[in-house]
Amino acid sequence: MRISQKNLLIFLIIVVMLGVAGYLLYQNNEKANNPTYDFEMKDLGLKMKITGDIQDLLYIPKDLSGNKVVLFSTKKLEQKGGLNCSVVTGAIGVIELRQNVDVKSLPSPYLVKAGDTYVMYSSPQSPCSDDKSTQELQEKQLQSMKKALKTLEKI
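Just add 30 to the spot in the sequence shown (first one is 1) and you have my numbering.
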């Protein structure tokens with residue numbers, strides 16, 4: 031039995047359409063399972079979109095050598111890991127806010143511009159806890175934080 035080119039083309043089109051439909055369905059399901067929330071840092075004039083796993087995000091802004099530094103953690107990570115995983119340690123990262131700088135002088139691969147402010151993100155150098163499940167939570171939240179910072183903008 032020979033398959034004509036026309037039938038083969040129709041078959042390939044159907045397979046591609048099913049693949050695209052499956053991908054779109056998967057993407058829609060992912061968004062439903064991990065919704066985003068607007069997180070505003072009004073005192074800093076910034077906002078970003080965060081996912082549900084860091085919706086209890088905490089931050090502390092500090093002035094350090096004339097630059098604004100912001101430390102991050104979550105309530106869940108603090109409760110699970112104690113003081114070493116608290117917001118004062120920057121358990122899921124630290125950002126530094128700078129204005130009017132030479133971008134080439136900023137070494138971070140996580141550099142975002144929000145309005146006229148450059149935001150440089152630094153990850154913690156080590157896990158905040160020896161507990162394996164706390165380390166896994168911290169790593170998951172670190173990845174979510176990096177994604178959220180890509181949506182950072184001025185209020």
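Each residue gets a CB set at the ideal place from its N, CA and C atoms; glycine is no exception.
- For the pair of segments examined, the segment 46-57 was found not to touch the segment 143-161: the number of CB pairs separated by less than 8 Å stays below three.
- Between Lys143 and Gly75, the gap from beta carbon to beta carbon reaches 8 Å or more.
- Ser163: member of the alpha helix (DSSP H) spanning Lys162 to Leu179, first to last residue.
- By the CB criterion at 8 Å, Lys98 and Leu127 fall inside the cutoff.
- Beta-bridge annotation (DSSP): Lys92 is paired with Val99.
- Here Leu172 is not near Lys110, since their CB atoms are 8 Å or more apart.
- Annotated as proximal: Gly123 and Met175, with beta-carbon spacing under 8 Å.
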